[in-house]
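Novice: I am attaching a structure below and will ask some questions about it afterwards.
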Amino acid sequence: MKFLNFLTSSVVGGVLAVSSLASANAADLTVGANIGNVPWEFEEADGTVVGFEVDLVNEIANRLGKSVEFVNIPFNGLFPAVQSGRIDMAVSSITITDKRLESVTFAQPYYDSDQSLTATAEGGVTGLATMDGKVVGVDTGSTGDMWVTANGGEYGIADVRRYEGLSPAMLDLQAGRIDGYVSDIPALLYYVKDKPALKVVERITTGEKYSIMFNKDAALATEVNDVITELKKEGFIAGLHETWFGATPEDTTSTVQVLDMPTLK
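Just add 14 to the spot in the sequence shown (first one is 1) and you have this note's numbering.
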């Protein structure tokens, strides 16, 4: 598996301008991912890129008889990259939404999730009800960003600071520059499990489902969807869940159940 850094050059008119992927085109499949998104795709100490979705994409590519090249792209840059054809598909615990389905295509989901609020263990924030007048961090363009934009006023949140990934947000949280961080609960539970100074203080029920994202109506999406069906029936994706979360997924979840490709409602 190859892995390249994808460097952004500028933001023009609110649209992320990105560099060429010519060096990545040697592989059959170029896959964008926001590296640092534990436990989905992240670097180990030796620089090896690992994660639930890394394992999943590599197995899908193997079943399709294709080689893979992963490209590191900030989360908000994944959307223009896949829409422009600069990458063939994207992963990074990407939630399927009706708004996104207007411009991209998703394979069937493979993980059910919610949002969460994380704070320092001794900082006094014990849930959303204690965020009045506080500053919250989110990942730019994420469903956590969308949730806070829609609901932050209800809880009196004073300011929203946007980040490109979990790590810089966690540094600011521990330094006291933000009071809480709203993001996907599996990533945060995984991140704080060995960090007693941090705590997931509230689960925010949003009923999200993750999948692989493609350009609108891309034929590759159907091919990948068929492989995901095979992997669910064989128990491969359930095995990934056990490996990365240390628990067997429930039979009612999208990790186990074979589902249709999502369409606009």
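The beta carbon of each residue, even a glycine, is placed where N, CA and C say it ideally should be.
Keep in mind that this is a model prediction, so the values were computed, not measured.
Output needed for Y169: all residues of its chain with C-beta closer than 6 Å, excluding positions within five of it in sequence on either side, in chain order.
Specialist: By 1-based counting over the sequence shown, the position of residue 169 is 155. Closer than 6 Å at Cβ, skipping near neighbours: L142, M145.
Novice: With DSSP as the reference, please indicate the residues paired to F120 in a beta bridge.
Specialist: Residue numbering aside, residue 120 sits at position 106 when the sequence shown is read from its first letter. For F120, which the question treats as bridged, DSSP gives the partners M227.
Novice: List the endpoints of the continuous beta strand (DSSP E) containing R77.
Specialist: Indexing the sequence shown from 1 puts residue 77 at position 63. Element bounds for R77: not the beta strand (DSSP E) but the alpha helix (DSSP H), 66 to 78.
Novice: Work out the CA separation of G179 and T163 for me, nearest whole Å.
Specialist: Walking along the sequence shown from the start, residue 163 turns up at place 149. Walking along the sequence shown from the start, residue 179 turns up at place 165. Their Cα atoms are separated by approximately 18 Å.
Novice: Spatial neighbours of I74 within its chain, please: CB distance less than 6 Å, with the 5 preceding and 5 following residues excluded, ordered by chain position.
Specialist: Your numbering for residue 74 matches position 60 in the sequence shown. For I74, where only same-chain residues beyond five positions count, the Cβ hits under 6 Å are V238, V241.
Novice: Quick one: residues in its chain with C-beta nearer than 7 Å to the C-beta of D173, no 5 flanking neighbours on either side, listed in chain order?
Specialist: Taking the first residue of the sequence shown as 1, we reach residue 173 at position 159. Within the same chain, D173 has close Cβ partners V149.
Novice: Return the Cβ separation of L203 and G151 in integer angstroms, given the expectation that the two are a contact with Cβ distance under 8 Å.
Specialist: As a working mapping, residue 203 is identified with position 189 in the sequence shown. As a working mapping, residue 151 is identified with position 137 in the sequence shown. In this structure L203 does not touch G151 by the C-beta definition: roughly 17 Å separates them, more than the 8 Å allowed.
Novice: Just reading off the alpha helix (DSSP H) that N90 is part of, what are its end residues?
Specialist: Residue mapping note: residue 90 aligns to position 76 of the sequence shown, counting from 1. DSSP places N90 outside any alpha helix (DSSP H), giving it a letter other than H or E.
Novice: Which residues in the same chain have their Cβ closer than 8 Å to the Cβ of P210, if we skip the five residues on either side of it in sequence?
Specialist: As a first step, residue 210 must be located in the sequence shown, where it is residue number 196. Only residues of its own chain outside the window of five on either side were considered, and among them A135 have a CB closer than 8 Å to the CB of P210, listed in chain order.
Novice: On a CA-only basis, which of V64, I192, F56 is nearest G138? Give me that one, please.
Specialist: Sequence index remark: in the sequence shown, residue 138 carries index 124 (1-based). Residue I192 is the option with its Cα nearest to G138.
Novice: How is the alpha helix (DSSP H) around G158 delimited, first residue to last?
Specialist: As a working note, residue 158 is residue 144 in the sequence shown. Where G158 is concerned, the enclosing alpha helix (DSSP H) stretches over 157 to 165.
Novice: When the Cα atoms are used, what is the spatial distance from A121 to G260?
Specialist: Working through the sequence shown from its first residue, we reach residue 121 at position 107. Working through the sequence shown from its first residue, we reach residue 260 at position 246. G260 has its alpha-carbon roughly 25 Å from the corresponding atom of A121.
Novice: Assign L254 to buried or exposed, taking buried as 16 or more other Cβ atoms, counted over all protein chains shown, within 10 Å of its Cβ.
Specialist: Reading the sequence shown from its first residue, position 240 is the one you call residue 254. Per the 10 Å Cβ criterion, buried.
Novice: Between L234, S268, M227, A235, which has its C-alpha nearest F250's C-alpha?
Specialist: Taking the sequence shown and counting its residues from 1, the one referred to as residue 250 is at position 236. Per the C-alpha coordinates, the member of L234, S268, M227, A235 positioned closest to F250 is S268.
Novice: Indicate whether S225 and I110 have their beta-carbon atoms separated by less than 7 Å.
Specialist: In the sequence shown, the residue the question calls residue 225 occupies position 211. In the sequence shown, the residue the question calls residue 110 occupies position 96. Closer than 7 Å, so yes.
Novice: Taking the C-alpha atoms as reference points, what is the distance between T132 and T140?
Specialist: Reading the sequence shown from its first residue, position 118 is the one you call residue 132. Reading the sequence shown from its first residue, position 126 is the one you call residue 140. One C-alpha to the other measures close to 9 Å.
Novice: Determine the burial state of D102: buried for a count of at least 16 other Cβ atoms within 10 Å of its Cβ, exposed for fewer.
Specialist: As a position in the sequence shown, residue 102 is number 88, starting the count at 1. In this structure D102 is buried. Its beta-carbon is surrounded by 16 or more other beta-carbon atoms within 10 angstroms.
Novice: How many angstroms separate the CA atom of D231 from the CA atom of L185?
Specialist: Here residue 231 is taken as the residue at index 217 of the sequence shown, counted from 1. Here residue 185 is taken as the residue at index 171 of the sequence shown, counted from 1. Distance between the alpha carbons of D231 and L185 is about 39 Å.
Novice: Consult DSSP for A47 and reduce its assignment to one of helix, strand or coil.
Specialist: Walking along the sequence shown from the start, residue 47 turns up at place 33. Note: A47 maps to strand in three-state DSSP.
Novice: Using the Cα positions of N72 and Y205, report the straight-line distance between them to the nearest angstrom.
Specialist: As a working mapping, residue 72 is identified with position 58 in the sequence shown. As a working mapping, residue 205 is identified with position 191 in the sequence shown. Those two C-alpha atoms are separated by around 23 Å.
Novice: Please check the pair S81 and L43, which I expect to be a contact at CB under 8 Å, by giving their CB distance rounded to whole angstroms.
Specialist: In the sequence shown, residue 81 corresponds to position 67, counting from 1. In the sequence shown, residue 43 corresponds to position 29, counting from 1. Confirmed, Cβ separation roughly 7 Å.
Novice: By Cβ distance, which residues of its chain are closer than 6 Å to K223, with the 5 residues on each side in sequence left out?
Specialist: For the purposes of this step, residue 223 is identified with residue 209 of the sequence shown, where counting begins at 1. Hits under 6 Å: I110, P123, D126, S268.
Novice: For T257, name the three-state secondary structure that DSSP assigns.
Specialist: As a first step, residue 257 must be located in the sequence shown, where it is residue number 243. T257 falls in the helix class under three-state DSSP.
Novice: Buried or exposed: which applies to V272, given that a residue is buried once 16 or more other Cβ atoms fall within 10 Å of its Cβ?
Specialist: What you label residue 272 is simply residue 258 of the sequence shown in a count that begins at 1. Per the 10 Å Cβ criterion, exposed.
Novice: Between the beta-carbon of A235 and the beta-carbon of T119, is there less than 7 Å?
Specialist: Here residue 235 corresponds to residue number 221 of the sequence shown, with the count starting at 1. Here residue 119 corresponds to residue number 105 of the sequence shown, with the count starting at 1. Yes, the Cβ-Cβ distance between A235 and T119 is below 7 Å.
Novice: Should K279 be counted as a contact of the ligand GDP given a C-beta to heavy atom distance under 6 Å?
Specialist: No copy of the ligand GDP appears in this structure; indeed no ligand is present at all.
Novice: If you drop the 5 nearest sequence neighbours on each side, which residues of the same chain put their C-beta closer than 6 Å to that of G46?
Specialist: Position 32 of the sequence shown, counted from the first residue, corresponds to residue 46. So the qualifying residues of the chain are V85, I87, L92, A95, I101, A104.
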